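Each step along the sequence shown adds one to the number in my numbering, with nothing skipped, and position 26 is 23.
All C-beta atoms, glycine included, are put in the ideal place defined by N, C-alpha and C.
It should be emphasised that the depicted structure is a prediction, and the values quoted were computed from it without experimental measurement.
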Amino acid sequence: MDGPKSTAKLRFFRDMESKMQTKWQTEKTYEVDAPNGHKKSNDEKFLGTFPFPYPNGRIHIGHTFSLSKLEFIVGFWRLKGRRCLLPFGFHLTGTPIKACADKLSREMKDFGFPPQFPDDS
């Protein structure tokens, strides 16, 4: 029972993923061009936003839970023919970021860069 395990299932899913990515890229499934001109469009639109994780906090399962629901909703409305936009980014300003940068600066002064920790022996 210590022999090599079959990777057939893994290869099957990787091949399927590759085919789908090629199809999406060819058909431009997830690309939507901005409308031409300044005329307002009567197309139904859907904009989804997500409360981004802060860079100095830990990402946890709640982020995945919230984002997956939003991605599902955007996909649903896209299938229904709406023009959908799901922008995602990180907010990199504010006091918590300054505190994080100050902490990193102190650690670099204390331990060097790359860090040189004291030998316990």
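Which residues bound the alpha helix (DSSP H) around residue i?
i: residue 11; result: 5 to 24
i: residue 62; result: 58 to 76
i: residue 103; result: 92 to 108
Taking residue i as the reference, which of the options has the closest Cα?
i: residue 40; options: 57, 62, 78; result: 78
i: residue 44; options: 25, 99, 110, 85; result: 85
May I ask you to check if the CB of residue i is nearer than 6 Å to at least one heavy atom of the ligand SAM?
i: residue 73; result: Although the ligand SAM was asked about, the structure shown includes no ligands whatsoever.
Terminal residues of the continuous beta strand (DSSP E) containing residue i?
i: residue 80; result: 80 to 82
Per DSSP, residue i forms a beta bridge with which residues?
i: residue 121; result: Because the chain here runs from -2 to 118, residue 121 falls outside it and cannot be looked at.
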